[in-house]
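Numbering (the numbering used here), first residue to last: 4 to 401.
First up is the structure itself, then whatever we jot down about it.
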Amino acid sequence: MQNNAGCIITLIMNTLYFDMTSGLAGDMTVAGLLHISGIKVRTLSELFSEFFKSKVEIVLETCFVNGIKCNRLFIDFDKAAAKSRDFLKIKEMILSSSLISEKVKKDSIEIFRIIAEAESKIHGQNIDNVHFHEVGAVDSIIDIISTAYLLEKISPDKIVFSTPLTGSGILKSEHGAIPVPSPATMEILKGLDIKRIDAGDELTTPTGAAIIKYYCNNTNISFSGRILETAYSTGTKSYEQLPNILRILFLKQNNQAHNIIEIEANVDDMTGEEMGFLMDSILKSGALDIFFTPVYMKKNRPGYKISILCSPDKAEFLSEKLLRESSTAGIRFSERQRTILDREFTSLEFKGYTVTLKKFSGDNFVKIYPEYESVAEISSQTGTSFGTVYREILKSLE
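Next comes the structure, spelled out in structure tokens:
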């Protein structure tokens, strides 16, 4: 990317990846983020003692889960902090706090709103009157505000979660026995891919689900990038079938390195004009690339394999467009990981003309190419062949 002053800006993207091997809960999230952020537990204890106007002590202990060293969070507070509070009261407390930024206030309130909206729908209550009962209210407030606070300190460019695991069984609640996953958790996770496993307990809590829902840029079981930091945290429960561990990875990624979707279809009855129009239409609709490969199909008919590369969020739209605008009766999907070089654009003065250069960088090498349009313009203006201009520009860079 190039700014108006002509200097080159290379964007490096930091990604926080939540590898949820046993779901997500608020205490596990905070324990992991404390490690990634480097923030001292004492800072949170002081923050919440002032927030509740009552002594709060947050302790981070080290334990081992299946031989893996993990952080575990414990919260101790006076009875004065343990009150039944509704969403409206919690919102007022957050807004009146002078200890947290406006961003942390906004993020915290919106996470609480996600929970309150789900609970109000399930129980038929007004959203402002949804209660977070006593001990649970204190834990939820600390978990949610701490998550927003620590994420602001870490400041990742992107947050990615693996597929949430929901567990199974029966859970005791303020309203009596309810199925796992709880109705609130299911309501919160609407629109996201989930996986239910037979754990006999709740794996993703409503607080964990709301954190996922609010911060989720993408759910993906795969990730790529250079690992800068890794955190392992756990909760108070243990399971026979799986380790109760949350792994958080802090990754450094090039801004253009990511997973993509490849959409494919074969056709043998479209004209050249139709194929050309399809290519233009798909590219204008946000595809990263589209190309045609000659193939032989049934009955030895010559045809084309249509390949479309796109970001995951464009896959459904472009698939429907391909089905509508081509003659194919079906399409194929595959997820691809691509690695591309850092790309920069700069300029060079060459014989009175401004030449745009593309610079591709790897760990130990650099490639520089003149942009086609710049070379073509100089060639047409000077009457010199395209190849000669191209080679002279490259020679001037030596």
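Every residue, glycine too, gets a C-beta built ideally from N, C-alpha and C.
What residue from the options has the CA that sits closest to residue i's CA?
i	options	result
Glu-95	Lys-82, Asp-283, Phe-115 and Asp-79	Phe-115
Leu-195	Phe-253, Tyr-356, Asp-316 and Thr-274	Asp-316
Phe-253	Leu-102, Asp-131, Val-68 and Val-163	Val-163
Ser-25	Lys-82, Arg-199 and Ser-288	Arg-199
Val-298	Ser-288, Tyr-375, Ala-290 and Ser-310	Ser-310
Ile-264	Lys-287, Ala-318 and Leu-231	Ala-318
Ser-111	Ile-214, Glu-49 and Pro-159	Ile-214
Ile-157	Asp-204, Leu-249 and Gly-41	Gly-41
Should residue i be labelled buried (16 or more other beta-carbon atoms within 10 Å of its own) or exposed?
i	result
Gly-170	buried
Phe-320	exposed
Pro-305	exposed
Arg-88	buried
Ile-285	buried
Lys-324	buried
Ile-224	exposed
Thr-239	exposed
Ala-140	buried
Ser-404	There is simply no residue 404 to check, as the chain begins at 4 and stops at 401 in what is shown.
Ala-434	Lying outside 4 to 401, the shown extent of the chain, residue 434 is not represented and no answer is given.
Tyr-375	exposed
Thr-166	exposed
Gly-29	buried
Leu-50	buried
Glu-243	exposed
How big is the Cα-Cα spacing for residue i and residue j?
i	j	result
His-126	Arg-45	38 Å
Gly-172	Leu-36	29 Å
Glu-347	Ile-371	9 Å
Ser-377	Tyr-393	9 Å
Gln-340	Ser-330	29 Å
Ser-52	Lys-58	5 Å
Ser-388	Ser-382	6 Å
Ser-314	Phe-226	14 Å
Ser-241	Thr-210	19 Å
Thr-385	Asn-269	45 Å
What did DSSP end up calling residue i once you bin it into helix, strand or coil?
i	result
Val-138	Residue placement at Val-138 is flagged as unreliable, the pLDDT there being 41, under the threshold of 50; a coordinate-derived value is accordingly withheld.
Lys-362	strand
Glu-243	coil
Phe-164	strand
Ile-371	strand
Pro-305	strand
Met-278	helix
Phe-96	According to the sequence as given, residue 96 is Met; it is not Phe. Helix at Met-96.
Thr-188	helix
Gln-128	coil
Thr-24	strand
Gly-390	helix
Name the DSSP bridge partner or partners of residue i?
i	result
Lys-175	Ala-180
Ile-232	The sequence shown places Glu at residue 232, rather than the Ile named in the question. DSSP lists Phe-253 as partners of Glu-232.
Pro-209	DSSP, once it has assigned bridges, lists no residue as partnering Pro-209.
Tyr-356	Phe-353
Pro-297	Tyr-307
Leu-19	Ile-162 and Phe-253
Would you say residue i touches the ligand ATP, meaning its beta carbon is less than 8 Å from a heavy atom?
i	result
Glu-243	The ligand ATP is not part of the structure shown, which contains no ligands of any sort.
Please decide whether residue i counts as near chain C, where near means a Cβ-Cβ distance under 9 Å.
i	result
Ile-130	The structure shown contains no chain C, having only a single protein chain.
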